[in-house]
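In UniProt numbering, the protein residues as written are 1 to 290. C-beta: ideal position from N, C-alpha, C; glycine also. Fair warning: this is a prediction, and the values are worked out from it, not measured in the lab. Worksheet for the structure shown next.
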């Protein structure tokens, strides 16, 4: 076997998978493991986990964050309006007038640093849900966000205006509020506000936005959106006592990283069903033996 030629082929394969953002399945990962373990240049191969900050628990190196380029971000922002928002089916559950008013509102008040799904956040309360308990839960979450920034947008539904006025008033002093119709598609509103606010804005929601992704209808746009979502969405993690914490975006990209000189980190999918907010976290850590 000509190992030099094989290494060139393997490198090109890994680079292709990296560019496409594709993930090997477990069977292919096992073949890759066999390849490097039988290599005459002596490679160490281990199955690893990566912390949310990007540290490999095997070699302790930090993975890179491969964020969207500026060009990709602005292309996503433009195409989001053209291919998603302007599709006529968005107006089944909202009105063009409402959305036009919303766009004007965002353009007046942007940029925001956090865009919060208000109803989604309120319903993380684990006890008996009443207008008061939901409003209090929302206030607690907004209060925490406001400690990081004074540019917080809370997207709510119109019925939330009937929640206790004293609590909602406190929220309005800590954040900017916008109420949509009860039937509106709030994920579209959230994403628009975040994209319009620039590449630093973050969305805060437990919504995975799978329906929204399905609307995008273009492979490159879907790839851009998923990459943006992975690095710009904060999830709310709540325990049985309604205590919450923010699960920050990953500080690394779930993508093949490395080279034949530096070694490789290769994610793979073992097909085990994950909880809704779990990220794939199976990796081959490959580096030269010392």
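Could you check the C-alpha separation between residue i and residue j for me, to the nearest Å?
| i | j | result |
| --- | --- | --- |
| residue 135 | residue 74 | 36 angstroms |
| residue 166 | residue 131 | 12 angstroms |
| residue 216 | residue 158 | 27 angstroms |
| residue 126 | residue 228 | 30 angstroms |
| residue 72 | residue 164 | 43 angstroms |
| residue 13 | residue 40 | 20 angstroms |
| residue 79 | residue 224 | 10 angstroms |
| residue 83 | residue 76 | 10 angstroms |
| residue 200 | residue 190 | 14 angstroms |
| residue 186 | residue 47 | 40 angstroms |
| residue 141 | residue 121 | 7 angstroms |
| residue 104 | residue 177 | 14 angstroms |
| residue 236 | residue 246 | 5 angstroms |
| residue 195 | residue 34 | 43 angstroms |
| residue 220 | residue 193 | 21 angstroms |
| residue 239 | residue 1 | 55 angstroms |
Classify residue i as buried or exposed, calling it buried when 16 or more other Cβ atoms lie within 10 Å of its own Cβ.
| i | result |
| --- | --- |
| residue 270 | exposed |
| residue 3 | exposed |
| residue 284 | buried |
| residue 295 | No information on residue 295 is available, as it lies outside the stretch 1 to 290 that the chain covers here. |
| residue 38 | exposed |
| residue 106 | buried |
| residue 100 | exposed |
| residue 36 | buried |
| residue 148 | exposed |
| residue 69 | exposed |
Can you give me the start and stop residues for the alpha helix (DSSP H) that residue i sits inside?
| i | result |
| --- | --- |
| residue 122 | 118-122 |
| residue 100 | 96-109 |
| residue 232 | 219-232 |
| residue 284 | From DSSP, residue 284 is part of no alpha helix (DSSP H) but of the beta strand (DSSP E) over 283-288. |
For residue i, which residues of its own chain have a beta-carbon under 7 angstroms away from its beta-carbon, when the five flanking residues on both sides are left out?
| i | result |
| --- | --- |
| residue 7 | 260 |
| residue 250 | 52, 230, 231, 279 |
| residue 288 | 41, 42, 43, 263 |
| residue 197 | 110, 111, 112 |
Below 8 angstroms CB to CB, which residues in the same chain sit around residue i once its five sequence neighbours on both sides are set aside?
| i | result |
| --- | --- |
| residue 54 | 62, 63, 64, 65, 250, 251, 252 |
| residue 92 | Annotation note: pLDDT 49 at residue 92 (below 50); position unreliable, coordinate value reported separately. None. |
Tell me where the beta strand (DSSP E) around residue i begins and ends.
| i | result |
| --- | --- |
| residue 257 | 257-259 |
| residue 157 | 152-157 |
| residue 44 | 43-48 |
| residue 266 | 263-269 |
| residue 180 | 176-180 |
| residue 245 | 244-247 |
Using a Cβ-Cβ cut-off of 6 angstroms (strictly less than) and excluding sequence neighbours within five positions of residue i, which residues of its own chain qualify?
| i | result |
| --- | --- |
| residue 204 | 114, 116, 234 |
| residue 242 | 125, 126 |
| residue 266 | 256, 284 |
| residue 49 | 57, 281 |
When you compare the region 254-267 with the region 19-26, are there three or more beta-carbon pairs, one atom per stretch, that lie closer than 8 angstroms? Counting Cβ pairs under 8 angstroms, three or more are found: they touch.
Check whether the region 203-222 touches the region 168-175, counting contact only when three or more Cβ pairs, one atom from each stretch, lie closer than 8 angstroms. With the cut-off at 8 angstroms, the region 203-222 and the region 168-175 do not touch.
Tell me whether the region 111-125 and the region 149-161 touch, counting them as touching only if at least three CB pairs, one residue from each stretch, are closer than 8 angstroms. Three or more Cβ pairs closer than 8 angstroms define a contact, and the region 111-125 meets that threshold against the region 149-161.
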